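The next block holds one structure in the form of structure tokens; read it before the comments.
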Amino acid sequence: MKKVIIVLVLVLICSAFTTVTLYPIDGYEYTGIKRLKRLELIKSGEIVEKQTLPEGAFKSYLDIKLNLKEKAADSLHCFFKENEAFQKDINNLFRGLDKSYSLTVMDITDLNDIKYAHRNETAGYQPGSVGKLAVLLGLFDQLSKIYPDNFEKRIALLKTKVVKAGVWGLTDEHTIPIYNIETKKLVKRQVIASDEFSLFEWADHMLSVSNNGAASIVWREVLLMQAFGDKYPELTETDALDYFKTTEKKVLTDLGNDVVNLPLRNLGITPDEWRLGSFFTGGANTYVGDKGGSIGTPFGVMKFLVQLEQGNVIDEQSSLEMKRLMYMTDRRIRYAQAPALKEAAVYFKSGSLYKCDRSNGQTCGKYMGNVQNFMNSVAIVEHPDKTTYMVVLMTNVLRKNSATDHMTLAANIDKLIRK
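The working numbering runs 15 ahead of the 1-based position in the sequence shown.
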């Protein structure tokens, strides 16, 4: 821990003289996430490779702050008072669009004049990968139970606890970046059962590249934390496998459902506003079943973002660490890819789920489902000029890849707020 403190002090000193460090690239020593070390070497010139990250990804680890700490004692209802002029402007952006588009947006640039607007904000959507934020919440909730009075030990566990993928990580087409520190070689491939990473790295794979296998693995470990409590840090793979093999599937299903949903309820988010009902990979269904279905609403997810910025999700340190993990230092997609956000720091999660029926000859394809075609974007945007706002956009536009719509709306919302 002493080494970590020294490194962070050096980073702080360096950040006073330069703006070239990246989060979480300059947090490699703190997190142990290997892909970040590679980006650090690219930035320093030790590895020659074109840097493609937007300017907004160049925020230092220690520069990331919570924007509503001054409002930490304010109740949620204080933030959701519609601003008439702002609401009118937002309504104009959706003129001609049907109710397949739902939104909450909150401008928190001026803490004395917070502006909120919405559109179909309680409409329910299949959250897709946005649900991985609930898994992240479950992880930090369990860490706080294992080490209630020691945040440094929580971080140490994330960094040092290495777990194997097993069948939980299988059946996902998304690749993960695997970087070898010694050889300086990067490989991108799908998760295989023998893969081993730290909890921090699995959480990064879950968010930065939205790997479904990683999400199921993190969720599995959250379940095990609840089951074994303070004995979890020493839990072996053999013990974990024995537990899953000898415990009734219904018990595992109920426990798995609780560990990601009860923390949402503790934040005042109702089951109809946001819930998870199934793991993200088919391999997980070997041991756990589905329960209750998954749903997300712009209103429910915005409740989470507000409390995250307040520092009220678990505690202030946990809120900040979760926000850091949401910071985009991989390629930006959909809403976050809008050119208008290039210079902004973006804390982001995207999710999608589509379903096709080709029996009637209708057009259908990837992200262009004709039965359902959910695409969701969650973003905290921080511009260098201090313009700061939060957006939750959920759509279900059939037979159309809505990524362009999300980018266009991102640009228009940004222009409206910064006018």
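All C-beta atoms, glycine included, are put in the ideal place defined by N, C-alpha and C. A quick note: this is a predicted structure, and the numbers were derived from the prediction, not measured.
Check	Outcome
Opposing strand residues paired with K200 [DSSP bridges]	N195
Check whether I191 and N226 have beta carbons under 8 Å apart	yes
Close-in-space but distant-in-sequence residues of the same chain around I62 (CB under 8 Å, 5 per side omitted)	R53, L56 and K199
Burial state of N195 (16 or more Cβ within 10 Å)	exposed
Residues of its chain near A426, where Cβ-Cβ distance is below 6 Å and the 5 sequence neighbours each way are ignored	A353 and A355
Beta-carbon spacing of L83, Q325 below 8 Å	yes
Secondary structure of T36, DSSP reduced to three states	Here T36 scores only 33 on pLDDT, less than 50, and its place in the model is too uncertain to base an answer on.
Whole alpha helix (DSSP H) elements within the segment 293-345, 4-residue minimum	313-325 and 331-341
Test item: CB-CB of K174 and E252 under 8 Å	no
Delimiting residues of the alpha helix (DSSP H) encompassing K265	K264 to N281
Residue burial classification, S231 (beta-carbon count within 10 angstroms, cutoff 16)	buried
Test item: CB-CB of F166 and A132 under 8 Å	no
Exposure label - T410; buried when at least 16 CB within 10 Å	buried
Of the residues K434, A394, K357 and S392, the one placed nearest A72, counting alpha carbons only	K357
Backbone secondary structure at V393 - three-state DSSP	strand
Test item: CB-CB of V328 and W234 under 8 Å	no
Buried or exposed (CB count within 10 angstroms, at least 16 for buried), T296	buried
Identity of the residue in V386, A299 and Q387 nearest A229 by Cα	A299
In DSSP terms, what D257 is bridged to	D257 pairs with nothing; no bridge assigned.
H220 - containing alpha helix (DSSP H), residue span	L214 to S223
Exposure label - A255; buried when at least 16 CB within 10 Å	buried
8 Å Cβ cutoff met for N98 and K114	no
Distance CB(G42)-CB(G366) smaller than 8 Å	no
Whole-angstrom C-beta distance between K264 and V303, which should lie under 8 Å	7 Å
From I79, P286, G283 and S293, residue whose alpha carbon lies closest to that of L270	S293
Residue environment, H421, which counts as buried when at least 16 other CB atoms sit within 10 Å	buried
Residue burial classification, Q377 (beta-carbon count within 10 angstroms, cutoff 16)	exposed
Burial state of G307, where buried means 16 or more other Cβ atoms lie within 10 Å	exposed
The alpha helix (DSSP H) enclosing V150, as first and last residue numbers	K147 to I161
Residues that G366 bridges to, as DSSP identifies them	N391
Helix, strand or coil at S374 [DSSP, three-state]	coil
Pairwise C-alpha distance: S392 and A138	15 Å
Local conformation of N227 per DSSP, three classes	helix
R204 to L126 span [Cα, whole Å]	44 Å
For V145 and T186, the rounded distance between their alpha carbons	19 Å
8 Å Cβ cutoff met for M121 and F94	yes
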